[in-house]
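In the UniProt record's numbering, the protein residues as written are 1 to 446.
Below you can see the structure in the form of structure tokens.
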């Protein structure tokens, strides 16, 4: 199992800087920030000083001199950029988790749409778990691995958030057909070229100035050979012009010796080395070469020993890694199967959560109907507890009974009348029949 190095804690800052460059290439300021009225990701950039950062750089280099040239790895602020340390690390450090999460969801939705996959823009009151699950599903659809829990993205910052946005930005750049070109370096101004001279020339000028000051200081103590030569030449010319005479010394030998002893310390001759001479540079190169060779002989043994130790350690690590991989192979298989089951469960969960909104809508409609039925039931219950309708029903029943009795009496009277009429009709018919039979018998007798 490989361990992460000590620089892994700063990896998210590098990811954030790359992400900010990619977002600027995708014109996120016009398409996202202005549309949603958001502020840019850079944290409080300082305004450029009067004259711009280039002028500040020139002034600093003039003031620093050799110190600025001795630190080439230092990063100076560029054009329109604030001080070092004011870069955009919005998703790398926690500032406002709610605002950072909303910015993360907005940028992720925009980048997914930019990459060719339609994605609905999340709203402020949407479920964070559903948004994160949908974003990670789209990220897996692009073929990007996701080896961290979704809860890491709820904070809206951290290495995982930077990783997700960086992957989506790369996919968006691929979809738009963007390709990196060779960098075009700007031409430096003449003043900067004069400033950035070689260290050797700066040192040479300084040494010449020091030499001139030293010469002026020591002028009283040392005799210049050129001046002596000129004076000797003039004296020789004057002597040749004179007539040849016999030279006789009038100075005492003891006094001459005293004068020689007094002047002897002042007859020192100083020969200053010229740093521009190529022979001096060659000698220095040979000296440095000898020093390097002597140091190399001492350090070669240590380096060989260190190389052997590192090789043995690497072999041990490789063998141990193979052993661990062989021992954990079945666990890796189980982990992969568990990952497959988890992905299937997540897909089922997404399919199930898709119909939740529809069921919620149906539930709201049923709730409205239930409230209406409850209201009607309460109205009917209140009307049933009222005694006035019952009194009216009783009165109506009494009236119906009276009318029924009257109808029964009328029916009995009608039935009696009908029976009387039937009996009367029957007696009449019988009388008529007897009368007819008597008449026929009389007629037959005659």
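All C-beta atoms in this analysis are idealised placements derived from N, C-alpha and C, irrespective of residue type, glycine included.
Task: Residue from 153, 110 and 114 with nearest C-alpha to residue 94 - done: 153
TODO: For residue 364, name the three-state secondary structure that DSSP assigns.
DONE: helix
Task: Coarse secondary structure for residue 297, derived from DSSP in three states - done: helix
Task: Start-to-end residues for the alpha helix (DSSP H) that takes in residue 128 - done: 128-141
Task: Range covered by the alpha helix (DSSP H) that runs through residue 155 - done: Neither: residue 155 is in no alpha helix (DSSP H) and is coded neither H nor E.
- [ ] Would you mind working out which of 89, 149, 309 and 285 sits nearest residue 132, comparing C-alpha positions?
- [x] 149
- [ ] Using 10 angstroms around the beta-carbon of residue 278, count the other beta-carbons present and answer buried if the total reaches 16, otherwise exposed.
- [x] exposed
Task: Residues of its chain near residue 376, where Cβ-Cβ distance is below 7 Å and the 5 sequence neighbours each way are ignored - done: none
TODO: Would you identify the three-state DSSP class for residue 125, choosing helix, strand or coil?
DONE: coil
Task: Distance CB(residue 135)-CB(residue 108) smaller than 8 Å - done: yes
TODO: Using beta-carbon positions only, say whether residue 19 and residue 166 come within less than 8 Å of one another.
DONE: yes
Task: Span of the alpha helix (DSSP H), counted from its first residue to its last, around residue 98 - done: 97-114
TODO: Using alpha carbons as the reference points, say which of 89, 21, 257 and 283 lies closest to residue 170.
DONE: 21
Open item on the list: Quick check: what's the CA-CA separation for residue 452 versus residue 367?
Closed with: Limits of the chain in this structure are 1 at one end and 446 at the other, which puts residue 452 out of reach.
Task: Separation of residue 331 from residue 96, as counted between CA atoms - done: 40 Å
Open item on the list: Once DSSP output is grouped into helix, strand and coil, what is the label at residue 278?
Closed with: helix
TODO: Go ahead and label residue 101 buried or exposed: buried means 16 or more other beta carbons lie within 10 angstroms of its beta carbon, across all protein chains shown.
DONE: buried
- [ ] To the nearest angstrom, report how far apart residue 127 and residue 329 are at their CA atoms.
- [x] 38 Å
Open item on the list: Does residue 66 pass the burial test, meaning 16 or more other C-beta atoms within 10 Å, or should it be called exposed?
Closed with: Unreliable placement is indicated for residue 66, whose pLDDT of 40 sits below 50; the coordinate value is still reported in the next sentence. Counting Cβ neighbours within 10 Å, residue 66 comes out exposed, since fewer than 16 surround it.
Open item on the list: Whole angstroms are fine: how far does the CA of residue 164 sit from the CA of residue 10?
Closed with: 17 Å
Open item on the list: Checking 8 Å against the spacing of the C-beta atoms, do residue 104 and residue 119 come in under that value?
Closed with: no
Open item on the list: Please classify residue 115 as buried or exposed, where buried requires at least 16 neighbouring CB atoms within 10 angstroms.
Closed with: buried
- [ ] Give the straight-line distance between the Cα atoms of residue 54 and residue 286, rounded to the nearest whole angstrom.
- [x] Per-residue confidence for residue 54 stands at a pLDDT of 48, beneath the threshold of 50, marking its modelled position as unreliable; the derived number appears in the next sentence. When rounded, the distance between both Cα atoms is 41 Å.
Open item on the list: Assuming contact is defined by CB atoms lying nearer than 8 Å, are residue 111 and residue 25 in contact in what I supplied?
Closed with: no
Open item on the list: Please state whether the Cβ-Cβ distance between residue 29 and residue 40 is less than 8 Å.
Closed with: yes
- [ ] Can you have a look at residue 301 and say buried or exposed, based on whether 16 or more other CB atoms are within 10 angstroms of its CB?
- [x] exposed
TODO: Please state whether DSSP places residue 89 in a helix, a strand or coil.
DONE: coil
Task: DSSP-derived helix/strand/coil call for residue 251 - done: coil
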